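Chemist: Residues 1077 to 1411 in the numbering used here are what the sequence shown lists, from first letter to last.
Can you keep this structure in mind? I'll have questions shortly.
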Amino acid sequence: MRRIPRFNLEQLGPQFGSGPHPAFVVNGETKSEIWVSMYRAVLSNGELVSVPGQNASLLTYDQAVAYAAANGPGFHLMTRAEFMAVVLPEWLKAGKTDPPIRGNTQWGRSHEAPYEWGVRVDGQAPGTTTGDNATLAGSGPLAWRHDGTPFGVADIFGSRFLWFGGLRVNYGRIEIIPDASLDLSLASPNWMAIRASDGAPVTPQSGQTGVLYYKKDPTKSFTDDGVSQNVGPAILGTSPDTFPSGWDENTTTQDYVTNSSMSLAYESGLTPPTIAYALGLVPIPGVTKGAFLDYVQLAGKNPAQNRARPDWSSNVVFGLGFSHSPSNAFVVWAL
C-alpha cells in the first residue's frame, strides 16, 4: 500500500478552505496519513486484495463496500475524498494545471502517448479495437502511476470504471458520507446532503432546497419514451428537478446528463462551498482535460464512479459519473 501523508486545504488555494483535507478526518480524529492500495482490487477468497499483474474485478457498489471492509478494521472502499487526496498534490506539483497522469484510454494504450501501453487482459496487442481492452493491474509504464514513480498508485483512471465510496446522487441531490469509518453502503443511515451556503452536512429530506444538486439544464426536458437520452450538460443548483413518475435507479431507460468538457455551470447566485472543491464535486481550477460529468443518472440513488474507458480517448483524472454500472475499486486503510 502507498502512504498518503496529510495536507491542509489552505495549501491548495482559497477555494478549498482551511484545515485538514477531509480524507484525513477519520472517526472524528485527524490522521497523519492514509494508506491506499497500489493496484486495482482483485476479489480473492471474499476479500479485495491489491496484487499486480491481475485482471481487476468488476463489482457492484455494495459488493465493493462489503468486500473491502472484510479485510479488517480500518479497511474500506476508497472514498471520493481519499481519491482527491491522492491526485490533488499532483495537481499542485504541476502548477495547478492538469497533472501528468496517464492511463489506458485507447484500447490498452494511452491516447495521449500511444507508445505507452500495458498488457491487455485478453492477450491482444494494444490498439486492437475488439475484445476486452482492459489492462492487467500495474502493467503500464510509470506515467500510469499517480506520481510517476515505481511506488505510485497504478491505474488511477482508465482501463475499468472505478467506484468512489461515500458519494452518490439521490434524485440529483449530492449526498456524502463524511467519515470513511462509517457504513458506506447505499442503505447506510449516514448519507448527508451538503448545505449550499457553507458546505455543512445536513440531514437529507424529500423536496429539500438550499442543498447542492446536479440538475439538467432548465431549458431541457426529460423524456419518458423508453429511450435513454442525453439531456445535458448538467448544472449545479440548490433545488430538485421533477422527474417522470416511477423513475428510479432501476430505470435503465432514464435520461442522463453529460458535461463533455471540464466545465459546470452554476445556478444564478450560487457560489460553490469550499467542500465542493475539496471533494472534486465541481471542476478543479486550471484543469482542462476530459469531461467533468460523464453519464450521470439523476433519478434514484446512484453511486459515484470515474468512468474513464479504454476506448474513449480522453484523460479524465477528475471526472465523475453516477450509475450502477459494475466497476472496480481501490482499498484504503485508515484507523
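Just so you know, even glycine gets a beta-carbon here, dropped at the ideal spot from N, CA and C.
Note that the structure is predicted; figures quoted are calculated from it, not measured.
What is the rounded straight-line gap between the Cα of Ala1272 and the Cα of Pro1320?
Modeler: Residue 1272 sits at position 196 when you count from the first residue of the sequence shown. Residue 1320 sits at position 244 when you count from the first residue of the sequence shown. For Ala1272 and Pro1320, the distance between alpha carbons rounds to 26 Å.
Chemist: In its own chain, which residues sit with a C-beta less than 7 Å from the C-beta of Arg1236, not counting the 5 before and 5 after it?
Modeler: Along the sequence shown, read from residue 1 onward, the residue named residue 1236 stands at position 160. Counting only Cβ-Cβ distances below 7 Å, and skipping sequence neighbours, we find Arg1116, Ala1132, Leu1134, Ala1210, Ser1403, Asn1404.
Chemist: Going by beta carbon distance, what residues of the same chain come within less than 7 Å of Pro1165, once the five residues before and after it are set aside?
Modeler: Along the sequence shown, one-based indexing puts residue 1165 at 89. So the qualifying residues of the chain are Phe1083.
Chemist: When you compare only the Cα positions, how much space is there between Phe1052 and Gln1281?
Modeler: Any property of residue 1052 remains undetermined from this structure, which presents the chain solely from 1077 to 1411.
Chemist: For the stretch 1178 to 1252, which segments carrying the beta strand (DSSP E) assignment without a break, of at least 3 residues, lie completely within its bounds, in sequence order?
Modeler: 1238 to 1246, 1249 to 1252
Chemist: Terminal residues of the continuous beta strand (DSSP E) containing Ala1380?
Modeler: For the purposes of this step, residue 1380 is taken as the residue at position 304 of the sequence shown. Note, Ala1380: beta strand (DSSP E), 1377 to 1382.
Chemist: Between Pro1175 and the rest of its own chain, which residues show a CB-CB distance below 7 Å, the 5 nearest in sequence each way excluded?
Modeler: For the purposes of this step, residue 1175 is taken as the residue at position 99 of the sequence shown. Answer for Pro1175: Val1163, Glu1166, Trp1167, Val1393, listed in chain order.
Chemist: Using the Cα positions of Lys1107 and Phe1100, report the straight-line distance between them to the nearest angstrom.
Modeler: By one-based count along the sequence shown, residue 1107 stands at place 31. By one-based count along the sequence shown, residue 1100 stands at place 24. Taking the straight line from one Cα to the other gives about 5 Å.
Chemist: Determine the burial state of Leu1288: buried for a count of at least 16 other Cβ atoms within 10 Å of its Cβ, exposed for fewer.
Modeler: On the sequence shown, position 212 is the one that residue 1288 refers to. Answer is buried; the Cβ neighbour count reaches 16.
Chemist: Who are the Cβ neighbours of Leu1258 in its own chain at under 6 Å, not counting the five residues just before and after it?
Modeler: Numbered from 1 along the sequence shown, position 182 holds the residue referred to as residue 1258. If we look at Leu1258 and ignore the five residues flanking it on each side, its Cβ neighbours are Asn1266.
Chemist: Would you kindly work out how many angstroms separate the C-alpha atoms of Thr1347 and Val1125, rounded to a whole number?
Modeler: Sequence index remark: in the sequence shown, residue 1347 carries index 271 (1-based). Sequence index remark: in the sequence shown, residue 1125 carries index 49 (1-based). Answer to the nearest angstrom: the Cα atoms are 40 Å apart.
Chemist: In three-state terms, what does DSSP make of Lys1296?
Modeler: The residue you call residue 1296 lines up with position 220 of the sequence shown. Assigned with DSSP and collapsed to three states, Lys1296 falls in coil, not helix or strand.
Chemist: Compare the C-alpha of Leu1312 against each of Asp1331, Ser1297, Leu1357 and name the closest.
Modeler: Start at 1 with the first residue of the sequence shown, and residue 1312 comes out as number 236. Per the C-alpha coordinates, the member of Asp1331, Ser1297, Leu1357 positioned closest to Leu1312 is Leu1357.
Chemist: Work out the CA separation of Thr1327 and Val1112 for me, nearest whole Å.
Modeler: Reading the sequence shown from its first residue, position 36 is the one you call residue 1112. Reading the sequence shown from its first residue, position 251 is the one you call residue 1327. Distance between the alpha carbons of Val1112 and Thr1327 is about 34 Å.
Chemist: Could you give the distance in angstroms between the alpha-carbon of Gly1199 and the alpha-carbon of Ala1263?
Modeler: Counting from 1 along the sequence shown, the entry for residue 1199 is found at position 123. Counting from 1 along the sequence shown, the entry for residue 1263 is found at position 187. About 39 Å.
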